[in-house]
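Asks:
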Amino acid sequence: MKLAGLKSIDDAHDESVWAITWVPATEARPALLLTGSLDETVRLWQPDELVNRGKMTGHCLGVASVAAHPLGFIAASASLDSFVRIFDVDSNTTIASFEAPPSEVWQLRFNPQGTMLAAAGGGSASVKVWDTSTWNLVATLSIPRPEGTKPADKSSSKKFVLSVAWSPDGRRIACGSMDGTVSVFDTDRGKFLHHLEGHCMPVRSLVFSPVEPRLLFTGSDDQHVHMYDAEGKTQVGSMSGHNGWVLSVDASTDGAALATGSSDRTVKLWDIGMKAAVQTMSNHNDQVWGVAFRPGGMPGRLASVSDDKSISLYDYS
Amino acid sequence: MASVYIPVQNSEEEVRVALDQLPRDASDILDILKAEQAPLDLWLIIAREYFKQGKLEQFRQILEEGSSPEIDEYYADVRYERIAILNALGAYYSYLGKIETKQREKEEHFILATQFYNKASRIDIHEPSTWVGKGQLLLAKGEVDQAFNAFKIVLDGDRDNVPSLLGQACVEFNRGQYSDSLELYKRALQVNPNCPAAVRLGIGLCRYKMGQFEKAWQAFQRVLQLDPENVEALVALAILDLHTNAAAGIRKGMEKMQRAFELYPYCAMALNYLANHFFYTGQHFLVEQLTETALAVTNHGPTKSHSYYNLARSYHSKGDYDKAGVYYMASVKEISKPQEFIFPYYGLGQVQLKMGDLKSSLSNFEKVLEIYPDNCETLKALGHIYVQLGQTGKALEFMRKATKIDPNDAQAFLDLGELLISSDAVAAQDCLKTARNLLKKGGQEVPIDVLNNLGVLHFERGEFELAQQTFREALGDGIWVAFIDGKEKAPSVDDDASIFQYKDMQIFHQLEKEGHLVELPWNKVTTLFNLARLLEQLHNTETASIFYRLILFKYPDYVDAYLRLAGLAKARNNLQLSIELVNDALKVNNKSPNALLMLGDLELKNDDWVKAKETFRAASEATEGKDSYATLSLGNWNYFAAIRNEKRNPKLEATHLEKSKELYTKVLAQHSANLYAANGAGVVFAEKGHFDVSKDIFTQVQEAASGNIFVQMPDVWINLAHVYFAQGNFPLAVKMYQNCLRKFFNNTDSQILLYIARTHYEAEQWQDCKKTLMRAIHLAPSNYTFRFDAGVVMQKFSASTLQKPKKSVDEVRSTVAELENAVRLFRQLSAASSLHFHGFDEKKIDTHVEYCSHLLEAARVHLTAAEHEEQKVRQKQELARQMAIAEEARRKAEEQRKFQLERRMQEDELKRVRQQEEHFERIKEQWKSSTSGSKRRPSDMDDEDGGHSEKRRRKGGKKRKKDKYSRSRYETEEAEAEQMDYQEAPEIEDANTNYQESPGHMNEQDDEENAQNPLEAAFGIEDSDVEDEVAPAGRRRRAWSESDDDDEQQERQPESSPRRENSADVQSDGGEGGDKPNGDFDDED
């Protein structure tokens, strides 16, 4: 497996780019890239030339997360002011805008079936789930407080939820928190299942393998990438190699490779079978906040965004 | 049988004396001789016979009687015989003196001999035989020049006098004039071809000395033919054989030596050579016997020296250094000039080196070096001595020379490399590389420690790839290879166990079960450890941790491996595991200072202040106060204790500061180059307000810290930035913070972002401040303080915009948006505070919300006014623009006309050119004028941009205001610098802020006739607020941020932020939120 640089856009945003996602192709157009930045805008790009297809304003404070519906028509973005905005990708019309009091919103993810939108609920120590047809809040999956602690001491800020991921079948949600624990929920019953331990620093990104529904990859500030069996509660592997926080992880569609972006300014490609890094890209010169494989068929594409305001697109083969 | 006949006096009879039947008592003969008044030659014959029979006593008796005064009187006219008797006695005593070993008796003999010769001379001064005798006596006494004269006298009379020819040859030989000596021997042989074999021996020796070994060999061979029992010739031949250095030669030589020995067991030379031989064959007992005999039979200096040397060598090789030293010393004493025989000096040097007498050893080796300036071994030995004497420079010099002389001496390169490691890593690396290549070329195995050192050198130079190769080469084959190549991986672990992954040994049991050999030879442990360190550096922490565990699996006492694992766990923030690992290390050695210090750091991180202090103390005691890290840690502890207390007790603070300063100074006194102590001292100075001093210190530390990959000191950058900030140099402070953030933290440290925000805030760069805070929130989402600060900034920005006398609609509009955001932020915080503890006073947030809302209302009024205003302005602008457009159109038309006119003119002119070439010059000029006309356009456009310049002016005004502000700040600071204790600074700044705000206040009222009371109240609130925020001075300390390392240097980072409390404004008392409960310290102390 190999990455080859295709195109880079410097100054794609006016400020640090913090979020990236692929908007799946529709009949009318190919898959697009959606990026969110500290400059309070969300922008659309058409690969492989990364042509700017639009700039969406409407957020105050930086855009921390973007997510696209699997059908490719609608997308969601969330900013530091905790507003979630749902909009039509092609027309940029706002479909819905809401927040999740009393807490802020971090990572957003649609479920693979497109029926739900999950958001990492930060200080509320929970994952919020909305129905994508009515945009009503349908569930709040709370991480239970550790036993033994008095409910009075409001120490749950340690379980501050940063990241969220859906299993391919949509039946599990995993979320990563500031203290490094990963919590797994049963979405059907809305129930907390168990914790996955091993990290002791914030887990800013996690993703399920698209081919093995139980396999979960997590990236943490402790510079490691862990592989868990999300059902069996076991840590299958641990991979080190970054010299900085692992800010973002994404698994390739074929399930063979993993890409990570780190504060050490590099993007690494990992061979999941070998549990080892096979390639390091260092074309960014600041933290790499997001990496994303294009869903669907060949040829494989990987995109990354960084604090250096740039977007990079790679060919994955 | 030969016999002599003594004539009987006064008769014809004779007494026959059979020479082989001489009476035992010489008196009998003497009586006869005296009685019969026998001729003196008979006396001589009989005496000689006694001598030949070895009856020396009788010989002497007869001769002495024969030279008595009575005889002199009686035989007064028989001169020759009398002289002969005297000469015989002289020769006898010369011989005695020659062989006598005791100095006093030797001298007595010589004196006697001299007396006899002198007596002989008195009888006849011209008798050649007397001169010959004298010459030989002088030779025996070693007075070569006088001997020469004596022989010369004889030779002048009779140039073919064989004895004196021989004597003269001997003299020349002793003078080292071997060719002259050879000539004399040859002459002697020509004169008397039948002379004794000894003459040929002389020839042989001369040839030998002249280096003509072949001829020498022939000569000695001839001697042996003539006299098969000539020991000297045998020995000489043996030596020649030995010198061929071939096995056969040596064997033949030894056979001859042995024969010589059998013939005459007292030839010192032969004894020495035999001893030498047996030394090499290892028969030390024989060596001792032989050399002792040799010593007993000779008093020839060089030979004795040789014997002593052999003896010493024998003891030396047996390891009896005392005796060896004594004999080397004896050997050396026998040598007048070291040039003659240098080996004992070398041996003595070696023994003295071994015995630790470096000075004497040094002088001996130096003597050797004088003679053999290119001897590698000696150079190396000298190098070693200088190393031990601590004179590295000289040691290096010698080692370098050794390697230069013999570029194939791997050992020399190794030694040189090891010497250089501490001083010049690059050169050391080269040396070790050369050594390695030499060893490899020679087919020898490269020692593992060489490869290890080489690897470490690569490592230190940042050549990780090479380092890894070298370590792998050093380690060779083993279980580790599988891990390096990634063939073996840590097995998946149960989630419950995963938290203890660095203690897991299951993997090795598993491997053993699978039939792998899990072995780790002791000499490879260090290298494996180094490799693990390298892997850590390469961020392959997983494999590194496996290696550390492998080391512990085999050698559970290897403390460093525990500490590294603890460090890894700590870097991953797994404090519990880290503490457990350190405790494991302490179980092995509960006094290990490194482990104790690490534990202290961990406890500090865990906020166990009292425990940490005790641990540091224990560590300090374990090292008897000599470990600077322990002292530093205590210093840091005191510093933190001084600034951590929220409700400051000035007295306590002063004591703690003083104590920490004292500790830092102590470290500095021990190690003047300790960066961390210097940094700490700088912090204390800054804390006391001596910014210039601290700035100097920090700058120096920063310079020193850059350029070493093992020293990472972000703190000093931060501290320097703090100082710049305190001195009001905001741009530089920001730059410094940013560089630090980028260089050391991958831009991930939200605390430094907070410092930057604080600086922007102080510099009134609201937008930059806000952006910075946004980044901080993004990096540390759970730190609500940042959100509060962001709210404050937005509020501040809005307030300051509204206070501006002139503001555009856009500005007001953005102000409104900002205010709305601020309100939202505060409301969120207020809501969240019911869920979380983050240290905010809800009431305060509510006040902020209230104030912002009021401001918002005011802003909306502003907005409508501004929008109205803008409408007007826009209309005006529109009008102006239209006018401008009209003007432009007019101008364009005009230009068009002009242009056409010109073109026409040009065409005309061109025509004219064709017609009249002499007008060419003028046409050119006209062209020029036409270009200058078109240049005017841009300047016209400038006028339209009036709006711009206005803006610019406004900006300028703002800048001026800022200048004034900072100047006033400077003055205050300067004025008060002396007595200003640090914590007063915020108050002063406060005053500034208030001062700044009050005119704004006025403005507001002027501007807004309908300014409502609540608004004023709000201002009041804000002011009090600021003070409020300052007072508790959220002095946050960052705990020890650095990853721990048993490379202690790295640990030594007193984390400090002297200017922390300044950030109070931005940070507000929310500072506590991110921090630990504060009660702790008070209670326990």
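Just so you know, the sequences run in chain order A and B. Its first residue numbered 341, the first sequence is counted upward by one per residue in the working numbering. Its first residue numbered 11, the second sequence is counted upward by one per residue in the working numbering. Cβ atoms here follow ideal geometry from the backbone N, Cα and C, with glycine treated the same way.
Could you name the residues of the same chain whose beta carbon sits closer than 6 Å to that of L273 of chain B, not counting the 5 residues immediately before and after it, in chain order?
Replies: Around L273 of chain B: E239, V241.
Asks: When the cut-off is 9 Å and only beta carbons count, does M784 of chain B lie next to chain A?
Replies: It does; some Cβ of chain A falls within 9 Å.
Asks: Does the beta-carbon of Y338 of chain B have 16 or more other beta-carbons within 10 angstroms, so that it is buried, or is it exposed?
Replies: It counts as buried.
Asks: How big is the Cα-Cα spacing for L40 of chain B and E22 of chain B?
Replies: In a straight line, the C-alpha of L40 of chain B is about 20 Å away from that of E22 of chain B.
Asks: In whole angstroms, what separates the C-alpha of K615 of chain A from that of G577 of chain B?
Replies: Using only the alpha carbons, I get a separation of about 24 Å.
Asks: Which runs of the alpha helix (DSSP H) spanning at least 4 residues fall entirely within the region 262-331 of chain B, listed in chain order?
Replies: Listed in chain order, the complete alpha helix (DSSP H) runs (minimum 4 residues) inside the region 262-331 of chain B are 278-291, 294-307, 311-328.
Asks: I'd like the span of the alpha helix (DSSP H) that includes R797 of chain B, first residue to last.
Replies: 794-813 is the extent of the alpha helix (DSSP H) around R797 of chain B.
Asks: Do you know how far the Cα of H326 of chain B is from the Cα of V209 of chain B?
Replies: Going by the C-alpha atoms only, they are around 40 Å apart.
Asks: Does A597 of chain A have its Cβ less than 9 Å from a Cβ in chain B?
Replies: Not an interface residue.
Asks: At a CB distance below 9 Å, what residues from the region 558-586 of chain B approach chain A? Give them in sequence order.
Replies: Listed by position, the residues of the region 558-586 of chain B near chain A (Cβ gap below 9 Å) are A579, A581, R582, N583, N584, L585, Q586.
Asks: Buried or exposed, going by whether 16 or more other CB atoms sit within 10 Å of the CB of F126 of chain B?
Replies: The residue in question, F126 of chain B, is buried, as its Cβ has 16 or more Cβ neighbours within 10 Å.
Asks: Can the beta-carbon of S482 of chain A be found less than 9 Å from the beta-carbon of A458 of chain A?
Replies: No, these two residues do not count as a Cβ contact at 9 Å.
Asks: So, is the C-beta of C540 of chain A closer than 9 Å to a C-beta in chain E?
Replies: Although the question refers to chain E, the structure presented lacks it and instead comprises the protein chains A and B.
Asks: Using beta-carbon positions only, say whether F375 of chain B and I395 of chain B come within less than 9 Å of one another.
Replies: Yes, the pair counts as a contact, with Cβ atoms nearer than the cut-off.
Asks: How far does the beta strand (DSSP E) with N392 of chain A in it reach, from first residue to last?
Replies: It spans 391-396 - the beta strand (DSSP E) in which N392 of chain A sits, taken as one unbroken run.
Asks: CB A404 of chain A to CB W446 of chain A, shorter than 9 Å?
Replies: Against a cut-off of 9 Å, the Cβ pair of W446 of chain A and A404 of chain A comes out as a contact.
Asks: Taking any Cβ of chain A, which residues in the region 670-690 of chain B have a Cβ under 9 Å from it, in chain order?
Replies: Of all residues in the region 670-690 of chain B, none has a Cβ within less than 9 Å of some Cβ in chain A.
Asks: Quick one: does F548 of chain A have its CB under 9 Å from some CB of chain B?
Replies: No, F548 of chain A lies away from the interface with chain B (no Cβ there is under 9 Å from its Cβ).
Asks: Tell me whether K534 of chain B is buried or exposed, calling it buried when 16 or more other Cβ atoms sit within 10 Å of its Cβ.
Replies: Per the 10 Å Cβ criterion, buried.
Asks: For K781 of chain B, return the contacting residues in chain A, with the cut-off set at a CB-CB distance below 8 Å.
Replies: Per Cβ cutoff of 8 Å: E355, L378.
Asks: Consult DSSP for Q187 of chain B and reduce its assignment to one of helix, strand or coil.
Replies: Three-state result, Q187 of chain B: coil.
Asks: What does the alpha-carbon distance come out to for the pair A868 of chain B and Q881 of chain B?
Replies: Looking at the two C-alpha atoms, the distance is approximately 20 Å.
Asks: Could you check whether the Cβ of L835 of chain B sits closer than 9 Å to any Cβ belonging to chain A?
Replies: So, interface residue.
Asks: Is the number of C-beta pairs between the region 80-88 of chain B and the region 43-60 of chain B that are closer than 8 Å three or more?
Replies: At 8 Å Cβ cutoff, the stretches touch.
Asks: I want to verify the contact list: residues of chain B whose CB lies under 9 Å from the CB of M621 of chain A, in sequence order.
Replies: Result: empty, since nearest Cβ-Cβ is about 16 Å, beyond 9 Å.
Asks: For the candidate residues B:C862, B:V620, B:E483, whose alpha-carbon lies nearest to that of Q805 of chain B?
Replies: Looking at the Cα atoms, B:C862 is the closest of the given residues.
Asks: How big is the Cα-Cα spacing for D562 of chain A and L587 of chain A?
Replies: So the alpha carbons of these two residues sit roughly 10 Å apart.
Asks: Anything in chain A within Cβ reach of A827 of chain B, meaning under 9 Å, just list it in chain order.
Replies: Those within 9 Å of A827 of chain B in chain A are C400.
Asks: Closest Cβ-Cβ distance between S437 of chain A and chain B: below 9 Å?
Replies: So, not an interface residue.
Asks: Please report how far the alpha carbon of A3 of chain B lies from the alpha carbon of T665 of chain B, in whole angstroms.
Replies: Residue 3 of chain B lies beyond the stretch modelled for chain B, which goes from 11 to 1095, so this question has no answer here.
Asks: Select from the region 400-421 of chain A all residues with a C-beta closer than 7 Å to any C-beta belonging to chain B, and list them in chain order.
Replies: The residues in question are C400, L401, G402, A404, L420, D421.
Asks: Find the residues of chain B that neighbour P484 of chain A, judging by a C-beta separation of less than 7 Å, and give them in chain order.
Replies: Per Cβ cutoff of 7 Å: no residues; P484 of chain A is ~15 Å from chain B at best.
Asks: Kindly list, in the order they appear in chain A, the residues whose Cβ is closer than 9 Å to that of H770 of chain B.
Replies: Within chain A, no residue comes near H770 of chain B; the closest Cβ sits about 15 Å away, beyond 9 Å.
Asks: Does E444 of chain A come within less than 9 Å of chain B when only Cβ atoms are used?
Replies: Yes, E444 of chain A lies at the interface with chain B (some Cβ there is under 9 Å from its Cβ).
Asks: Once you ignore the five residues that flank F557 of chain B on each side, which residues in its own chain have a CB closer than 8 Å to its CB?
Replies: Excluding residues within five positions, the ones whose Cβ falls inside 8 Å are W490, F493, L538, F539, L541, A542, L545.
Asks: At a Cβ threshold of 9 Å, is I360 of chain A touching chain B?
Replies: By this cut-off, I360 of chain A is not an interface position.
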